[in-house]
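In the numbering used here, the protein residues as written are 231 to 531.
What follows is a single structure, written as structure tokens, with notes after it.
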Amino acid sequence: MASAKEIRNHIESVKNTMKITDAMYMISSTKLRKAKRELDAARPYFDALKTEIKRIFRVAGDITSPYFYPPQGEEPLHGTFACLVVTADKGMAGAYNHNVIKEALAMLEEHKDTKLYVVGECGRQYFTQKGIPIERSFLYPAKNPTMWRAREITGMLLEKFIAKEIEKIYIIYTDMKNGLTAEPVNFRLLPFHRAEFYGPATGDSPTEKFEFAPSMDRVLNNIIPSYVCGFVYSALVDSFCSEQNSRMTAMDSASRNAEKMLSELQMNYNRVRQAAITQEITEIAAGARAQKARKTKETEA
Numbered sequence: 231m232a233s234a235k236e237i238r239n240h241i242e243s244v245k246n247t248m249k250i251t252d253a254m255y256m257i258s259s260t261k262l263r264k265a266k267r268e269l270d271a272a273r274p275y276f277d278a279l280k281t282e283i284k285r286i287f288r289v290a291g292d293i294t295s296p297y298f299y300p301p302q303g304e305e306p307l308h309g310t311f312a313c314l315v316v317t318a319d320k321g322m323a324g325a326y327n328h329n330v331i332k333e334a335l336a337m338l339e340e341h342k343d344t345k346l347y348v349v350g351e352c353g354r355q356y357f358t359q360k361g362i363p364i365e366r367s368f369l370y371p372a373k374n375p376t377m378w379r380a381r382e383i384t385g386m387l388l389e390k391f392i393a394k395e396i397e398k399i400y401i402i403y404t405d406m407k408n409g410l411t412a413e414p415v416n417f418r419l420l421p422f423h424r425a426e427f428y429g430p431a432t433g434d435s436p437t438e439k440f441e442f443a444p445s446m447d448r449v450l451n452n453i454i455p456s457y458v459c460g461f462v463y464s465a466l467v468d469s470f471c472s473e474q475n476s477r478m479t480a481m482d483s484a485s486r487n488a489e490k491m492l493s494e495l496q497m498n499y500n501r502v503r504q505a506a507i508t509q510e511i512t513e514i515a516a517g518a519r520a521q522k523a524r525k526t527k528e529t530e531a
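Right, here's the structure in full:
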């Protein structure tokens, strides 16, 4: 059994660890709230872009655009796919990174001709160690998603898409459904289905036709890159929120386990301390009895 000193040292070590986990929980909580505010501030603009795209398709549904499947329906595409994989820069976030990487590996298994575009140090390290080629690794930190970085990613992917170097663009990220659950999502970003932008006009939607200059096709093709950029930015922020939420859950679980460990250590320490006190009392009593017996023998002699 460990000595009282060793148990005291262990208790101090666990308490120091709890200070770290509690601090990481608070930091993740603050980052999560900040990221949500930034996403909520940017969302109305991109919702307005989607509304304008719907308006165009209500006016003319037979528009030809490289960003959409043809009007007659989806055509099978068997060329090169691009996959943007969004991971974190650090661990200690439960299964957050593992789930995203697992989804990416499943896609690589299903479609061999897939080029990876990776955000996040964890994804970069994993694919590099496994010898899986990465087409482009975005080296800025995943912990600070910005609109500028989303535009850089979108610009590179759209350039290759328009040049027909890639047939489809997918994005794998973690979607935080609510404050309790988050799950990895494999979403086809391009080309769009026209049905995604069809639908009845809402009560506040203008019903009259508009004139588009220089042309309806040009207007649509200018709106789409901004809309795609908004989706990429939303995915980056959503992934960051999911990462912080996962880290908060992991740190909260670690703190609870530490409290349980402290309770057990304190109990063991009390047992060892009580055993030491009992032993000391026993030794003192035995010594007193020995002294009394010796004096008794001396008196009788």
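We treat Cβ as the ideally placed atom computed from N, Cα and C, and that holds for glycine.
Beta-carbon spacing of T404, S469 below 8 angstroms:
yes
Would you say the beta carbon of A488 is closer than 7 angstroms to some non-hydrogen atom of the ligand PLP?
Questions concerning the ligand PLP fall outside what the structure shown contains, since it holds no ligand whatsoever.
Taking just the CA atoms, how far does A488 sit from F417?
Counting only the Cα atoms, A488 lies some 39 angstroms from F417.
Leaving out five residues on either side along the sequence, give the residues of the same chain with a beta carbon under 6 angstroms from the beta carbon of S258.
Q474, R477, M478
Helix, strand or coil at M322 according to DSSP, with G and I counted as helix
Coil.
Give the C-beta separation of Y297 and I454 to the nearest angstrom, bearing in mind that I take them to be a contact with Cβ-Cβ under 8 angstroms.
5 angstroms
Taking the continuous beta strand (DSSP E) assigned at I402, which residues delimit it?
From DSSP, the beta strand (DSSP E) with I402 extends over 398 to 406.
Same chain only: Cβ atoms within 7 angstroms of K266, ignoring 5 sequence neighbours per side:
C471
Report buried or exposed for T317, applying the criterion of at least 16 other Cβ atoms within 10 angstroms of its Cβ.
buried
Since I250 and L495 should fall inside the 8 angstroms C-beta cutoff, what is the C-beta to C-beta distance between them, to a whole number of angstroms?
Rounded, the Cβ-Cβ distance is 18 angstroms, inconsistent with contact.
Given this structure, state the Cα-to-Cα distance separating S435 from F311, to the nearest angstrom.
At S435, the pLDDT of 48 sits below 50, so the modelled position is not reliable; the number obtained from the coordinates is stated separately. One C-alpha to the other measures close to 36 angstroms.
Y356 lies in the alpha helix (DSSP H); which residues open and close that run?
351 to 359
Suppose contacts are defined by Cβ-Cβ distances below 8 angstroms. Is P421 in contact with K398 by that definition?
Yes, the pair counts as a contact, with Cβ atoms nearer than the cut-off.
Do V467 and L279 have their C-beta atoms within less than 8 angstroms of each other?
no
If you run the structure through DSSP and keep just helix, strand and coil, what is K342?
coil
Please classify M497 as buried or exposed, where buried requires at least 16 neighbouring CB atoms within 10 angstroms.
Label assigned to M497: exposed.
My output table needs one value for L419: the three-state DSSP class, helix, strand or coil.
In the three-state reduction of the DSSP assignment, L419 falls in the strand class.
Reduced DSSP category for A272 - H, G, I as helix; E, B as strand; rest coil
helix
Proximity winner among I362, Y299, V349, relative to L338 (alpha-carbon distances)
I362
DSSP puts V316 in a beta bridge; with which residues?
V349
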